[in-house]
Amino acid sequence: MDDMTASKETANAPAGAAQGERIEKIISAGRHTRPGGWGTVVLISISACLTWASFTPVDVGPLAWVCLVPLLMLARIEHRTSRMYRSLYVVGFVMWLITLQWMRLGDPLMYFALLALSAYMAFFWPIFIALTRSAVWRYRTPLYIAAPVFWVGLEYLRAYLISGFSWYYIGHTQHNWVEIIQVSDIFGAYGVSFLVVMANAAIAQAIPLSWISKFRLTSAESLAADDATPPRRRFQGVVVSVVLVGIALGYGVMRRNQSEFTPGPRVSLIQGNFPASLKSDREQWGEIYQTHNTLTGLTVPYQPDVIIWPEAMFRYPMMEYDKTMSDDELDTVHPMLRTEDWKNRNSQDSLVGLSEKTDAALVIGIIVADATREGVQNYNSAVFVEPDGGLQNRYDKIHRVPFGEYIPFQSQLKNVPIIGSLAPMRGEYGIDAGSTVEVFEHKDWRILPTICFEDTVPHLVRGMVNSASDSEKNQVDLLVNLTNDGWFHGSSELDQHLITSSFRAVETRTPIVRAVNTGISAIIDGDGVIRDPEYFIDLDAKLEDVAPRESMRDPKTGKFYRQLNCALVADVPIDDRTSLYVRFGDWFAAMCLVATIAVAIQLLPLLRKRSQGTS
Numbered sequence: 001m002d003d004m005t006a007s008k009e010t011a012n013a014p015a016g017a018a019q020g021e022r023i024e025k026i027i028s029a030g031r032h033t034r035p036g037g038w039g040t041v042v043l044i045s046i047s048a049c050l051t052w053a054s055f056t057p058v059d060v061g062p063l064a065w066v067c068l069v070p071l072l073m074l075a076r077i078e079h080r081t082s083r084m085y086r087s088l089y090v091v092g093f094v095m096w097l098i099t100l101q102w103m104r105l106g107d108p109l110m111y112f113a114l115l116a117l118s119a120y121m122a123f124f125w126p127i128f129i130a131l132t133r134s135a136v137w138r139y140r141t142p143l144y145i146a147a148p149v150f151w152v153g154l155e156y157l158r159a160y161l162i163s164g165f166s167w168y169y170i171g172h173t174q175h176n177w178v179e180i181i182q183v184s185d186i187f188g189a190y191g192v193s194f195l196v197v198m199a200n201a202a203i204a205q206a207i208p209l210s211w212i213s214k215f216r217l218t219s220a221e222s223l224a225a226d227d228a229t230p231p232r233r234r235f236q237g238v239v240v241s242v243v244l245v246g247i248a249l250g251y252g253v254m255r256r257n258q259s260e261f262t263p264g265p266r267v268s269l270i271q272g273n274f275p276a277s278l279k280s281d282r283e284q285w286g287e288i289y290q291t292h293n294t295l296t297g298l299t300v301p302y303q304p305d306v307i308i309w310p311e312a313m314f315r316y317p318m319m320e321y322d323k324t325m326s327d328d329e330l331d332t333v334h335p336m337l338r339t340e341d342w343k344n345r346n347s348q349d350s351l352v353g354l355s356e357k358t359d360a361a362l363v364i365g366i367i368v369a370d371a372t373r374e375g376v377q378n379y380n381s382a383v384f385v386e387p388d389g390g391l392q393n394r395y396d397k398i399h400r401v402p403f404g405e406y407i408p409f410q411s412q413l414k415n416v417p418i419i420g421s422l423a424p425m426r427g428e429y430g431i432d433a434g435s436t437v438e439v440f441e442h443k444d445w446r447i448l449p450t451i452c453f454e455d456t457v458p459h460l461v462r463g464m465v466n467s468a469s470d471s472e473k474n475q476v477d478l479l480v481n482l483t484n485d486g487w488f489h490g491s492s493e494l495d496q497h498l499i500t501s502s503f504r505a506v507e508t509r510t511p512i513v514r515a516v517n518t519g520i521s522a523i524i525d526g527d528g529v530i531r532d533p534e535y536f537i538d539l540d541a542k543l544e545d546v547a548p549r550e551s552m553r554d555p556k557t558g559k560f561y562r563q564l565n566c567a568l569v570a571d572v573p574i575d576d577r578t579s580l581y582v583r584f585g586d587w588f589a590a591m592c593l594v595a596t597i598a599v600a601i602q603l604l605p606l607l608r609k610r611s612q613g614t615s
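All residue numbers for the sequence shown refer to full-length UniProt numbering, where the first residue is 1 and numbers rise by one.
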């Protein structure tokens, strides 16, 4: 009987072993199978919504300190989920479409630019998560270190790629927390971004994985290992983040206490309210001039030293030419213009007359056509006129807006008929780029002009200030920005442009004044604080015979008015502090980019291998 039982057990042994192997394979497959993707989409979508709300028009800056936490939980799970990177891209694309929707208001063709820029910006989230996951899992780098380094590296990269897009840095969300943004005079706005992302990563590292267990994004083994993590290790990032934020706040308080602003030139900022589409309508030129001239006259009783008009709001072009050219050469340089057109000085005479009449210097935006033997160059310019010296200087815009002001690779594509229709400037190939930084010197003040979106490009403004300030006794006193935001019809672009510009004031410790068509014109001191003017002239209220507004802000909501015909008069607060950022530039962001590139190079072979499988 015992022999029969033993025989049966021996016969059943192979079957039992086979069943055990099958169970082991199922368990092993479960360990290595990527979890489902629905939880990934939920986490990414939460981060997208919070990130969008951190910026204008919602502008809830405190949300930025937690907005990336759900996203960064994807860096903590051991295996990437199915369709993780595809979901990151798609959700990011939708977020950027909503964030950048103001672009479509400029011109019907700008819908294509909106789609293209959103598609481009959407790449950064999947790249960021791929790099962060690689550093955390392959190199055992703490999440609170890896995430801010890669985020800043990618922000710095997009400041240069495809002519650069330095808008919507996560550090910009902190513009109202004046103390924290003072570190920008060492690290640029990138330093603020670093602190914000580190805080997000520290929180994400401290959160138990069990909190997202219902999304089925991680294995039981990972949950058990995470539960066993000592509190000291879990909250290490929180401690480091709190310490660094505390140091930054202490530095900010110290730097603000060092500020002793002294009254500088009294400026008059003229703001008209003309949609950009009217600029190309010659019938509107007279109305545009009359409105700006009227506002200029209304500010004269306040005795401004400098009167500033927005970008291209003196609509009559200024004609310039090479004085060595003969009349015959001028006749042939442009098919629609003759010698008498090039020698017409009406615009120059009008500007000089306006300066003499107001007894003030002028900084005015104008289009300049400049004829040389090589052809005609069209510049988006700022001219400087003094009452006792006439036309003194001119700055031609250096950093142009792709498709808005020029067509990339236009010399190679100039024979393609459709190219000229890709930009809002119908029938033209846009404007030419200036080549030199100019300083307007009036009395004892040195004024550095920028035009349009140039004040959103950190390395450009820093380089301009650095090159113009060749010694401690020869510093730039004032940055002037001439802008036409009439393309965007009072949208959140106006607020975001102003916010981005305010970081240039902190980075360079130089006050900025902005004269902006449709708004938002402003005086920004070296701490990045937007100041109310001493005098505010509401032309719309005068014409409508209603109670005038008292400043650019709604006293009930604190929001800025827009689409007004108005003028601001104020004494510019001169800042005598110096800036390490101006002296040394983007050293910090560049180091982050080097680390980003190093990890990316190591990651490329793995990505190629994975791309052959299921994404």
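No residue lacks a Cβ here, since even glycine has one placed at the ideal position from N, Cα and C.
Remember, predicted model here, so these are calculated numbers, not experimental data.
Please classify residue i as buried or exposed, where buried requires at least 16 neighbouring CB atoms within 10 angstroms.
{"i": "Met-95", "result": "buried"}
{"i": "Asp-444", "result": "exposed"}
{"i": "Trp-151", "result": "buried"}
{"i": "Phe-536", "result": "buried"}
{"i": "Glu-283", "result": "exposed"}
{"i": "Glu-534", "result": "exposed"}
{"i": "Pro-335", "result": "exposed"}
{"i": "Glu-340", "result": "exposed"}
{"i": "Thr-450", "result": "buried"}
At the level of alpha carbons, what is the spacing between residue i and residue j?
{"i": "Gln-496", "j": "Asn-517", "result": "15 angstroms"}
{"i": "residue 659", "j": "Ile-364", "result": "With the chain represented from 1 up to 615, any question about residue 659 goes unanswered, as that position is not in the structure."}
{"i": "Ala-199", "j": "Thr-173", "result": "14 angstroms"}
{"i": "Asn-393", "j": "Gly-252", "result": "37 angstroms"}
{"i": "Leu-580", "j": "Asp-185", "result": "6 angstroms"}
{"i": "Ile-523", "j": "Ser-213", "result": "51 angstroms"}
{"i": "Arg-133", "j": "Ser-166", "result": "25 angstroms"}
{"i": "Thr-372", "j": "Pro-555", "result": "53 angstroms"}
{"i": "Gly-486", "j": "Pro-310", "result": "11 angstroms"}
{"i": "Gly-390", "j": "Lys-397", "result": "21 angstroms"}
{"i": "Gly-171", "j": "Ala-567", "result": "31 angstroms"}
{"i": "Arg-256", "j": "Val-239", "result": "26 angstroms"}
{"i": "Ala-48", "j": "Leu-330", "result": "57 angstroms"}
{"i": "Asp-575", "j": "Asp-525", "result": "8 angstroms"}
{"i": "Gln-303", "j": "Phe-128", "result": "53 angstroms"}
{"i": "residue 629", "j": "Leu-209", "result": "For the chain, the structure presents residues 1 to 615; residue 629 sits outside this window and is missing."}
{"i": "Gly-61", "j": "Pro-265", "result": "33 angstroms"}
{"i": "Leu-603", "j": "Ile-499", "result": "36 angstroms"}
{"i": "Arg-315", "j": "Ile-366", "result": "6 angstroms"}
{"i": "Ala-202", "j": "Cys-67", "result": "12 angstroms"}
Considering residue i, what are the terminal residues of the beta strand (DSSP E) in which it resides?
{"i": "Phe-314", "result": "314 to 321"}
{"i": "Trp-445", "result": "445 to 451"}
{"i": "Cys-566", "result": "566 to 574"}
{"i": "Asp-538", "result": "535 to 538"}
{"i": "Ala-515", "result": "512 to 517"}
{"i": "His-442", "result": "440 to 442"}
Determine the DSSP secondary structure at residue i, reduced to helix, strand or coil.
{"i": "Pro-548", "result": "coil"}
{"i": "Asp-370", "result": "strand"}
{"i": "Ile-190", "result": "Just to set this straight, residue 190 is Tyr in the shown sequence, not Ile. Tyr-190: helix per DSSP, three-state reduction."}
{"i": "Gly-389", "result": "coil"}
{"i": "Pro-275", "result": "coil"}
{"i": "Asp-527", "result": "coil"}
{"i": "Gln-348", "result": "helix"}
{"i": "Tyr-581", "result": "helix"}
{"i": "Gly-164", "result": "coil"}
{"i": "Asn-484", "result": "strand"}
{"i": "Ala-522", "result": "strand"}
{"i": "Tyr-379", "result": "strand"}
{"i": "Ala-361", "result": "strand"}
{"i": "Asp-586", "result": "coil"}
{"i": "Val-196", "result": "helix"}
{"i": "Phe-560", "result": "strand"}
{"i": "Pro-402", "result": "strand"}
Quick check: is the beta carbon of residue i nearer than 8 angstroms to any beta carbon in chain B?
{"i": "Val-465", "result": "The displayed structure is made up of one protein chain only, and chain B is not part of it."}
Assuming residue i and residue j form a contact by the criterion Cβ under 8 angstroms, report the distance between their Cβ atoms to the nearest whole angstrom.
{"i": "Val-245", "j": "Leu-195", "result": "6 angstroms"}
{"i": "Ile-512", "j": "Asn-481", "result": "6 angstroms"}
{"i": "Gly-106", "j": "Ala-276", "result": "7 angstroms"}
Starting from residue i, follow the alpha helix (DSSP H) in both directions and report where the run begins and ends.
{"i": "His-292", "result": "285 to 299"}
{"i": "Ile-307", "result": "Segment 306 to 308 is the beta strand (DSSP E) holding Ile-307; no alpha helix (DSSP H) there."}
{"i": "Glu-493", "result": "492 to 508"}
{"i": "Asn-474", "result": "Looking at the DSSP string, Asn-474 is not in any alpha helix (DSSP H), and its letter there is neither H nor E."}
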